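Peer 1: Have a look at this one.
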Amino acid sequence: MVLRWLSIILNRPVLTMAELDMVRPAVRRALALAEAEARHVQAVAALQAFEAGEAEPSPALLSDLEFSRTLAQLSQHGQGDRGLTRLANDLFSKVSQRIEDEIAPGGKRHRLLQRYAAETKSARKAAFRAWLEAEEEERGILENA
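All residue numbers for the sequence shown refer to my numbering, where the first residue is 81 and numbers rise by one.
In structure tokens, the structure reads:
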């Protein structure tokens, strides 16, 4: 994905080794911009997927949920006492609430994805400004030569 963005930024459909001259500040900054653009696209895609309802609970929470279900089944089949039943029900309730909090709009994960998207947008803008400055400096040097 980064190379595709670099190709777009440098306006070169096919990149050659000569065009990837990392000694030139403009090329280094173009690469930084391409990386920032790729990160931003991924962050926005993750946020959009979350907002479209495609969010899955974390593997750790799913594991906790499975454990609490197993515990509840053991207690319901007479293999546990009342304390175990109460513990299983409490655990299941807490894990279910944590999952709901994690995947709910406006919840912790949603706010985190929004923050990541905003941070990558800011980093992309900074990388774009730096690339433009390097391009302008390089053009000025070539015109004065």
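Ideal Cβ placement from N, Cα and C applies to all residues, glycine included.
The model shown is predicted, which means the values in this text are computed figures rather than measured ones.
Ignoring anything shorter than 4 residues, give me the alpha helix (DSSP H) runs that lie fully in the segment 82-159, in order along the chain.
Peer 2: Entirely contained in the segment 82-159, the alpha helix (DSSP H) runs reaching 4 residues are, in chain order, 82-89, 105-131 and 139-156.
Peer 1: Taking DSSP as the reference, what is the three-state secondary structure of residue 220?
Peer 2: Three-state result, residue 220: helix.
Peer 1: In whole angstroms, what is the alpha-carbon distance linking residue 151 and residue 124?
Peer 2: For residue 151 and residue 124, the distance between alpha carbons rounds to 39 Å.
Peer 1: With residue 112 and residue 207 assumed to form a contact (beta carbons below 8 Å), what rounded beta-carbon distance in angstroms separates them?
Peer 2: That belief holds up - the Cβ atoms of residue 112 and residue 207 are roughly 5 Å apart, short of 8 Å.
Peer 1: So residue 163 is in the alpha helix (DSSP H); what residue range does that whole segment cover?
Peer 2: Residues 162-183.
Peer 1: Between which residues of its own chain and residue 143 is the CB-CB distance below 8 Å, once the five residues before and five after are set aside?
Peer 2: Around residue 143: no qualifying Cβ.
Peer 1: Between the alpha carbons of residue 177 and residue 145, how many angstroms are there, rounded?
Peer 2: If I take the Cα positions, the gap works out to 10 Å.
Peer 1: Using CA atoms only, rank isn't needed, just tell me which of 185, 220 and 167 is closest to residue 131.
Peer 2: If we check each option's Cα against that of residue 131, 185 comes out closest.
Peer 1: Buried or exposed: where does residue 117 fall if 16 or more other Cβ atoms within 10 Å of its Cβ makes it buried?
Peer 2: Residue 117 is buried by the Cβ-count criterion.
Peer 1: Using 8 Å for Cβ pairs, my map puts residue 193 next to residue 140. What's the rounded Cβ distance?
Peer 2: Their Cβ separation, rounded to whole angstroms, is 18 Å, which puts residue 193 and residue 140 out of contact at 8 Å.
Peer 1: Restricting to Cα atoms, I'd like to know which of 211, 210 and 119 is closest to residue 200.
Peer 2: Measuring from the Cα of residue 200, the nearest candidate turns out to be 119.
Peer 1: Can you give the beta carbon distance from residue 189 to residue 135, rounded, assuming they're within the 8 Å contact cut?
Peer 2: Right, their Cβ atoms sit about 7 Å apart.
Peer 1: Are the CB atoms of residue 106 and residue 217 nearer to each other than 9 Å?
Peer 2: Cβ distance < 9 Å, so residue 106 and residue 217 count as in contact.
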